[in-house]
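J.: Pasting a structure here, questions to come.
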Ligand SMILES: [Fe+2]
C-alpha cells in the first residue's frame, strides 16, 4: 500500500507550503502536477480529505494532527470582501453647441422678471443656439421641508404653471435646450422617497410631464450627471457636498479638479489654477454663475450675498471654449 502513503505525503507537503489554499484548488493543482499519482481529480480530493480528517468518521484517524480541519471548514481563511452595490457608471451628457446661454437659479415663482428678461435677451442678441437651464428653475416652495409662510397658499400646481409659462416664453428662442435639476427640483423626489417610496420612479419621470418638457423641446438630464459642452463640465452645484466658502468657484475646482461651471451659490465667481502635468503646464478654470431670483429674498433666505448673473459659453469644434461669466446689475449686463 505504498501509493496511498505517497499520495498523502505529497498532499501534506503541498498543504504545508500553501497554508489556507482552498481544498478544491489544491486538489486541481495536485492532479495537474502529479497525474501519475492522482489520475483523477477525485483521487487528489480524497488524499486531501484524508490528511485533513474530512473523509468520514472512520478515516478521521488518518488525519495529520496539525492539518486537521473541522468538516465543512472553508479552506481559505482570507477575507472575502462583499462586492456591494455597484451603482451607475456616470458619464456626462454631451451637448454639441456653438454658443450656450447658461441660466441658473430662477426659483420660479420667486424669479426676478427684469433680470430674467435681461439675461434671455442678452443670449438671443449674442446668437446663442443652446439654452442650458442649470437647476432650481422651480423653487418648489410648497413642498419644502422648511417652515413655510402660511399665507403662501398657492400650492405646487400653481408654481408649476408659472414655471411652464416661463419655459414657453424663453425656450422657443433657442435651437437646443437642456435642463438639469437643482436641489429645489430634488424636493419632489425627496418628498416621495420619504412619504411614498413606492412612487419613486414616477417622481423622476414626473418632471417631464409636470413641466411639459417635451412640448418645449427641453432635454431633461435628471440623474445628476454632468452636462459636458466642449471640454467644460456643467452641474447645478448641490451635487458637491460642503461647497461654498469665500470663493465658491475655488471650492468647485477643489472638488472637480477640471474645468467646470455651476450655479447653486447664486454668486458670480471665477477661479483659475495652474496644473503641472510632468512638464506641461496648463490652467484649469472654474466658474460659478449668479442667480435670477429676486434679491429681496424669500422668507427662507432673507439675508444673503447673492447677485444676478448669466454665462455665455463659446465652443469651438475641437472642444476648446471660452466663458463670459457676467453679472447683471440695475438691469444691465456688466
Ligand atoms: Fe438656487
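Numbering (the working numbering), first residue to last: 19 to 352.
Ideal placement from N, C-alpha and C gives every residue a C-beta, glycine not left out.
Computed from a predicted model, the values in this text were never measured in an experiment.
By alpha-carbon positions, which one of 83, 158, 247 and 49 ends up nearest to residue 209?
T.: Out of 83, 158, 247 and 49, 158 has the C-alpha closest to the C-alpha of residue 209.
J.: Under the three-state reduction of DSSP, which class applies to residue 20: helix, strand or coil?
T.: Low confidence applies here, because residue 20 scores a pLDDT of 42, under 50, leaving its location unreliable; read the following figure in that light. Helix at residue 20.
J.: Decide if residue 203 is buried, meaning its Cβ has at least 16 other Cβ atoms within 10 Å, or exposed.
T.: By the 10 Å Cβ count, residue 203 comes out buried.
J.: From the DSSP output, in three-state form, read off residue 268 for me.
T.: Of the three classes helix, strand and coil, the one that applies to residue 268 here is helix, per DSSP.
J.: If distances are taken between C-alpha atoms only, which option among 200, 183 and 146 comes closest to residue 244?
T.: Here the closest residue by C-alpha is 200.
J.: If we ignore side chains and look at the alpha-carbon of each, how far apart do residue 317 and residue 167 end up?
T.: Each residue's Cα considered, the two are about 7 Å apart.
J.: Strictly closer than 5 Å from CB to any heavy atom of ligand 1: give me those residues in the order they appear in the chain.
T.: Residues with a Cβ closer than 5 Å to any heavy atom of ligand 1, in chain order: 123 and 154.
J.: On the DSSP letters alone, give me the boundaries of the beta strand (DSSP E) that residue 300 sits inside.
T.: Residues 298-306.
J.: What are the start and end residues of each continuous beta strand (DSSP E) run of 3 or more residues lying completely inside the segment 119-194, in chain order?
T.: Entirely contained in the segment 119-194, the beta strand (DSSP E) runs reaching 3 residues are, in chain order, 148-151.
J.: Is it the case that the segment 258-278 contacts the segment 288-303, given that we only count it when at least three CB pairs across the two stretches are under 8 Å?
T.: With the cut-off at 8 Å, the segment 288-303 and the segment 258-278 touch.
J.: How would you call residue 40, buried or exposed, if buried means at least 16 neighbouring beta carbons within 10 angstroms?
T.: Exposed, because fewer than 16 other Cβ atoms sit within 10 Å of the Cβ of residue 40.
J.: Rounded to whole angstroms, what's the CA-CA distance from residue 111 to residue 42? Just pull it up for me.
T.: Approximately 47 Å between the Cα atoms of the pair.
J.: Quick check on residue 332: does DSSP put it in helix, strand or coil?
T.: The answer is strand: DSSP assigns residue 332 an E or B state.
J.: DSSP three-state label for residue 84, please.
T.: In the structure shown, residue 84 sits in a helix (DSSP, three-state: H, G or I).
J.: Tell me which residues share the same chain as residue 19 and place their Cβ nearer than 8 Å to its Cβ, disregarding the 5 neighbours each side in the sequence.
T.: With a pLDDT of only 42 at residue 19, under 50, the local geometry of the prediction cannot be trusted, and no value is derived from it.
J.: Should residue 348 go down as buried or exposed, given a rule of 16 or more other Cβ atoms within 10 Å for buried?
T.: It counts as exposed.
J.: Give every residue of the same chain whose Cβ lies closer than 6 Å to the Cβ of residue 303, excluding the five residues on either side of it in the sequence, and list them in chain order.
T.: Correct list, in chain order: 277 and 290.
J.: Enumerate in chain order the residues of its own chain whose CB-to-CB distance from residue 184 is below 8 Å, with the five nearest sequence positions on each side excluded.
T.: Only 124, 126, 129, 134 and 155 meet the Cβ criterion.
J.: Exposed or buried, residue 207, counting other C-beta atoms within 10 Å across all chains shown (16 or more means buried)?
T.: Buried, by the Cβ-count rule.
J.: Going by DSSP in three states, residue 66 sits in which element: helix, strand or coil?
T.: Residue 66 falls in the helix class under three-state DSSP.
J.: Check residue 257 in the structure and name its three-state DSSP category.
T.: In this structure, residue 257 counts as coil in the three-state DSSP scheme.
J.: If the criterion is Cβ atoms closer than 9 Å, does the pair residue 362 and residue 228 meet it?
T.: Summary: the structure shown does not reach residue 362, with the chain confined to residues 19 through 352, and so no result is reported for it.
J.: Below 8 Å on the Cβ atoms is my contact criterion, and I expect residue 236 with residue 279 to pass it. Report the Cβ-Cβ distance as a whole number of Å.
T.: Not quite, the Cβ-Cβ distance comes to about 19 Å (not below 8 Å), so this is no contact.
J.: Can you list, in chain order, the residues of its chain with a C-beta nearer than 6 Å to that of residue 164? Leave out the 5 residues immediately preceding and following it.
T.: Cβ neighbours of residue 164 beyond the five flanking positions: 318.
J.: Do residue 267 and ligand 3 come close, with the Cβ less than 8 Å from some heavy atom?
T.: Ligands in the displayed structure: ligand 1; ligand 3 is not one of them.
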